[in-house]
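Take a look at the structure below.
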Amino acid sequence: MNTNPHVCPAAISGILDNRVRRWLQDPRKVLVPYVGEGMEVLEVGCGPGFFTGELARLVGEKGKVVAVDLQEEMLRKVREKIRGSGLEGRIVLHRCEEDRLGVSGSFDLVFLFYVVHEVADKRGLFRQLQGLLKDGGVVYLAEPPFEVSGKAFEKTLRIAGEAGLVVVGKPKRFPDKVAVLKKGQKK
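The numbering used here numbers the first residue of the sequence shown as 27 and each following residue consecutively.
Laid out in structure tokens, this is it:
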């Protein structure tokens with residue numbers, strides 16, 4: 027059971043995957059500029075799988091998506107959602123710990139959508155991600171407008187910079203706060 031009060035409980039995960047959200051944050055429109063055939067993608071905080079299926083479709087048969095969540099119940103929801111879809115072989119579901127992702131490999135894209143504000147140890151998270159990112163790979167970071175202030179988002183970007191991730195773009199996705207990062211030099 028999740029004990030972190032900042033993490034959305036699985037019991038109300040329906041608010042994370044519904045028609046209105048699909049209209050506002052169409053997974054395909056969000057992902058297409060960053061995901062391609064054959065890529066390996068790490069999705070941290072996958073929740074009930076709002077983006078997971080589309081990530082798997084976009085990476086194709088030769089790609090892989092590692093979907094990570096703190097809550098086993100969220101992973102169960104993803105498992106149910108993809109059952110019989112033909113995407114099961116492209117998606118690896120993994121339960122992480124609060125302070126450790128526990129995955130290995132290297133990724134072309136690390137996808138962090140509405141999750142970093144829920145992480146207590148942001149420094150530790152970004153250090154782990156920097157080590158998992160392929161040279162030339164990117165981190166897509168989006169935070170919710172009503173829970174993360176502009177000042178808090180800039181602080182998060184500074185923490186990412188200390189871990190060796192540099193901002194290479196700030197795509198406009200109203201009303202979200204969004205940044206794309208790549209490996210740079212550790213401070």
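Think of the CB as a built atom: it goes at the ideal place given N, C-alpha and C, for glycine as much as any other residue.
Nearest-angstrom beta carbon gap, residue j and residue i [assumed within contact, 8 Å]
i	j	result
V165	L127	At roughly 13 Å, the Cβ-Cβ gap does not stay under 8 Å, so V165 and L127 are not in contact.
D134	V67	7 Å
L84	V118	So it is not a contact: roughly 16 Å between Cβ atoms.
V129	L158	7 Å
E124	A146	7 Å
Own chain, CB closer than 7 Å to residue i, minus 5 neighbours either side, in chain order
i	result
E173	H143
E218	The displayed coordinates of the chain run from 27 to 213. Any statement about residue 218 would go beyond what the structure contains.
Q51	none
A186	F152 and L207
Sequence-distant residues of the same chain with beta carbon closer than 6 Å to residue i, five excluded per side
i	result
G75	V104 and K107
F179	E169 and K203
Residue i versus the options, residue with shortest Cα-Cα distance
i	options	result
R184	L68, K148, P53 and F133	K148
E188	P170, S175, D95 and G210	G210
G86	Q97, C122, G112 and G163	G112
H120	C72, P59 and L50	C72
Q97	S130, G89, E80 and V141	V141
M65	K90, R45 and L50	K90
D202	A168, L50, A178 and A186	A168
F200	R102, R45 and P170	P170
Burial state of residue i, where buried means 16 or more other Cβ atoms lie within 10 Å
i	result
A82	buried
A93	buried
D95	buried
R116	buried
E63	exposed
E80	buried
R45	exposed
N30	Only weak support is given to the placement of N30: the predicted model assigns it a pLDDT of 48, under 50, and the value that follows is read from those uncertain coordinates. So N30 ends up on the exposed side.
M27	Model confidence at M27 stands at a pLDDT of 33, short of 50, so the residue's coordinates are unreliable; what they give is reported in the following sentence. Classification for M27: exposed.
Residues near residue i in its chain [Cβ-Cβ closer than 8 Å; skip 5 each side]
i	result
F77	P53, V56, L57, E69, F137 and F139
K198	V204
K196	V204, A205 and V206
G163	S132, F133, D134, L135, V136, K208 and K209
P59	P197
beta-carbon residue i near the ligand ATP non-hydrogen atom, thresh 8 Å
i	result
V136	As presented, the structure is devoid of all ligands, the ligand ATP included, so that no description of it is given.
Meets three-Cβ-pair contact criterion under 8 Å: the stretch 153-160 and the stretch 192-205: no
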